[in-house]
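To start, the structure itself, in structure tokens.
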Amino acid sequence: MEQDDKQIENKESAPKPVGGQVVEPDTQLSVMRQALKKNRNRQIQFMLNSCVNCGLCAESCHYYCADGNSEVIPANKIKKLSRVLQKYFHPVKSRLPGFQEIGQPDEQMISELYRAAYENCTMCGKCALTCPMGINTGEILYLARAMLCSIGRLPSGLVHPVETAFEVGNYLGLSTEDFVENIEWFAEEMGDEMEDENFSISVDKQNAEILYIPHPLEARDLPFLMMNAIKILHCAGENYTLSSYDFDTVNYAYYQGSKENMMQISQRVLDAREKLQAKNIALAPCGHGYRVLRWEVEKYQGKPFTFPPVLSIVELIDRYNRQGRIKLEKDKFDGPITYHDPCNIARRGGVLQAPRNVINALTSNFVEMQPHGPRNYCCGGGGGLASTGDFGQLRIKAGQKKADQIRQTGAKIVATNCFNCMTQIRDLSKAYDLGIEVKSIVELTAESLIL
Ligand code: SF4
Ligand code: SF4
27 MEQDDKQIEN
37 KESAPKPVGG
47 QVVEPDTQLS
57 VMRQALKKNR
67 NRQIQFMLNS
77 CVNCGLCAES
87 CHYYCADGNS
97 EVIPANKIKK
107 LSRVLQKYFH
117 PVKSRLPGFQ
127 EIGQPDEQMI
137 SELYRAAYEN
147 CTMCGKCALT
157 CPMGINTGEI
167 LYLARAMLCS
177 IGRLPSGLVH
187 PVETAFEVGN
197 YLGLSTEDFV
207 ENIEWFAEEM
217 GDEMEDENFS
227 ISVDKQNAEI
237 LYIPHPLEAR
247 DLPFLMMNAI
257 KILHCAGENY
267 TLSSYDFDTV
277 NYAYYQGSKE
287 NMMQISQRVL
297 DAREKLQAKN
307 IALAPCGHGY
317 RVLRWEVEKY
327 QGKPFTFPPV
337 LSIVELIDRY
347 NRQGRIKLEK
357 DKFDGPITYH
367 DPCNIARRGG
377 VLQAPRNVIN
387 ALTSNFVEMQ
397 PHGPRNYCCG
407 GGGGLASTGD
417 FGQLRIKAGQ
427 KKADQIRQTG
437 AKIVATNCFN
447 CMTQIRDLSK
457 AYDLGIEVKS
467 IVELTAESLI
477 L
């Protein structure tokens with residue numbers, strides 16, 4: 027009872043997310059103007075004015091590859107934002123007398139912008155690699171998301187998880203007590219499996235080398251995945267800990283377009299490290315979670331962290347394997363095995379070689395998708411689409427290129443390093459009858475460990 031009271035009190039005193047609430051039509055423009063001011067910079071302004079309509083970006087966008095619809099060519103999606111900016115936020119015209127009384131934004135324009143920013147762009151960044159002008163449509167449409175989020179025009183699947191993360195500390199609403207209880211149960215199970223009655227899982231240990239931040243879905247619904255990660259840390263002899271204060275890699279505020287909300291959620295991870303004085307942070311497989319903590323937070327706060335760069339668990343696995351801290355049985359799984367590069371970990375995160383080193387240590391039958399690495403196609407589940415039930419059919423259509431890529435490899439197993447990508451590729455396998463197994467690289471490693 028005392029605990030319940032404390033949780034209610036915590037929820038009530040928790041800060042509230044910025045934006046995400048519907049704004050009255052007559053104040054929408056002024057609210058959007060504030061969001062524009064906060065999020066526009068010279069680079070975005072330059073990109074907005076640089077398109078030469080060459081069309082080279084079309085084939086790099088998985089949406090366009092799926093149905094050839096010209097509406098979803100990256101350059102045409104940028105135009106949806108340009109039109110809104112020209113009409114309502116022109117730097118000169120908007121200062122003219124009478125302009126401020128323009129009233130409400132045009133509903134059709136806003137709806138088109140919503141579709142371009144949230145439904146038809148996963149912010150994967152692939153089009154930026156083909157644009158001769160260096161235009162990054164994902165970054166530009168992120169500005170559109172920021173403006174739309176400020177007036178509450180965003181997918182429902184990006185509202186509730188952020189509110190819950192603010193109130194409870196993780197997007198699933200898992201209580202600290204339940205988390206700790208689950209970890210105790212995992213420790214018992216793992217101890218039995220490894221025939222080690224002294225086995226325990228470190229929680230809230232001070233001065234550990236690694237603070238491991240899991241995905242809360244692992245802690246609640248997919249315990250075998252979390253046990254796999256812990257097994258690897260244990261077998262490598264890592265001085266690791268979990269935190270009972272923060273156990274959430276996920277940051278759906280990033281996909282909302284709200285940097286303020288993103289920072290608020292990230293701060294919890296940083297505070298957890300600070301409280302425990304852990305030397306470094308390693309993250310469970312989560313593309314956008316990695317992108318945020320490896321790159322976005324430092325960029326937004328304008329200064330680097332005082333601790334080493336945040337790691338994805340795959341980088342740790344690669345390190346352990348190269349240092350001989352873990353031994354892996356080769357070819358335990360029937361191949362071929364292919365690897366899907368999550369956009370936020372590979373192209374937008376820079377982690378390209380580590381997963382390849384790990385997979386090559388696990389199999390002699392690794393086959394690359396074409397293209398792969400930085401030029402890999404998005405699976406279609408990024409940008410927050412996989413978190414929103416409304417986008418099921420859209421995701422499947424947008425993932426057609428990925429399904430083709432997978433089929434062409436002839437792979438039996440698709441390995442990847444992101445929860446959203448795993449969900450999406452499993453859905454693609456069903457929809458396109460790919461006959462594959464989708465596995466986390468953590469799972470493949472843990473099951474190949476020689477104890
Ligand atoms: S960022 Fe990705 S999804 Fe968005 S327009 Fe470019 S290629 Fe398409
Ligand atoms: S490749 Fe770049 S310059 Fe060419 S149409 Fe696309 S966004 Fe415009």
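Last residue of the sequence shown: 477 in my numbering, with the numbers rising by one and none dropped.
Beta carbons are placed, not taken as given, at the ideal position from N, Cα and C, and that holds for glycine.
Being a predicted model, the structure only gives us computed values, none of them experimental.
Buried versus exposed call for residue i [16 or more other C-beta atoms within 10 Å across all chains shown]
| i | result |
| --- | --- |
| Pro158 | exposed |
| Gly160 | exposed |
| Phe72 | exposed |
| Val48 | exposed |
| Asp30 | Caution applies to Asp30, whose pLDDT of 48 falls short of 50 and renders its modelled position unreliable; the value that the coordinates give is listed next. So Asp30 ends up on the exposed side. |
| Glu244 | buried |
| Gly461 | exposed |
| Met220 | exposed |
| Asn146 | buried |
| Arg421 | buried |
| Ser226 | exposed |
| Leu470 | buried |
| Pro242 | buried |
| Pro43 | buried |
| Asp274 | buried |
| Thr53 | exposed |
| Asn290 | Per the sequence presented here, residue 290 reads as Gln, with Asn not at that position. Gln290 should be labelled buried. |
| Asn95 | exposed |
| Glu28 | Its pLDDT being 48, under 50, Glu28 is placed unreliably by the model, and the measurement read from it follows with that caveat. Label assigned to Glu28: exposed. |
| His480 | No answer is possible for residue 480: it lies beyond the span of the chain, which begins at 27 and ends at 477. |
Run of the alpha helix (DSSP H) containing residue i, from where it starts to where it stops
| i | result |
| --- | --- |
| Lys113 | 100–114 |
| Leu237 | No alpha helix (DSSP H) contains Leu237, which is instead part of the beta strand (DSSP E) from 236–239. |
| Tyr403 | Per DSSP, Tyr403 belongs to no alpha helix (DSSP H) and is neither H nor E. |
| Ile136 | 133–140 |
| Tyr197 | Unbroken run through Tyr197: none, as it is neither H nor E. |
| Val57 | 54–65 |
| Asp93 | 88–93 |
| Cys261 | 249–261 |
| Ile291 | 285–302 |
| Thr163 | 163–176 |
| Arg179 | Per DSSP, Arg179 belongs to no alpha helix (DSSP H) and is neither H nor E. |
| Ile422 | 418–424 |
Proximity below 9 Å, CB of residue i to CB of residue j
| i | j | result |
| --- | --- | --- |
| Ile70 | Cys83 | no |
| Ala437 | Thr364 | yes |
| Arg373 | Pro335 | no |
| Met288 | Tyr346 | no |
| Cys447 | His366 | yes |
| Gly183 | Tyr278 | yes |
| Met149 | Cys444 | no |
| Ala142 | Gln426 | no |
| Leu55 | Tyr114 | yes |
| Glu235 | Lys305 | yes |
| Val295 | Leu268 | no |
| Gln232 | Leu302 | yes |
Beta bridge counterpart(s) of residue i as assigned by DSSP
| i | result |
| --- | --- |
| Lys478 | One cannot answer for residue 478 here, as it falls past the ends of the chain, which runs 27 to 477. |
| Ala308 | Tyr238, Leu337 |
| Phe392 | Ile363 |
| Thr267 | Leu237 |
| Leu475 | Leu354 |
| Val229 | Leu268 |
N- and C-terminal bounds of the beta strand (DSSP E) containing residue i
| i | result |
| --- | --- |
| Ile352 | Counting along the chain, Ile352 falls outside any beta strand (DSSP E), and DSSP gives it neither H nor E. |
Min CB distance residue i to chain C below 9 Å
| i | result |
| --- | --- |
| Tyr168 | Of the protein chains in the structure, only one exists, and it is not chain C. |
(request) May I have all residues whose beta carbon comes closer than 6 Å to any heavy atom of ligand 1, sorted in chain order? (result) Qualifying residues come out as Ser86, Cys87, Tyr89, Pro100, Lys103, Cys147, Thr148, Met149, Cys150, Gly151, Lys152, Cys153, Thr163, Gly164, Cys404.
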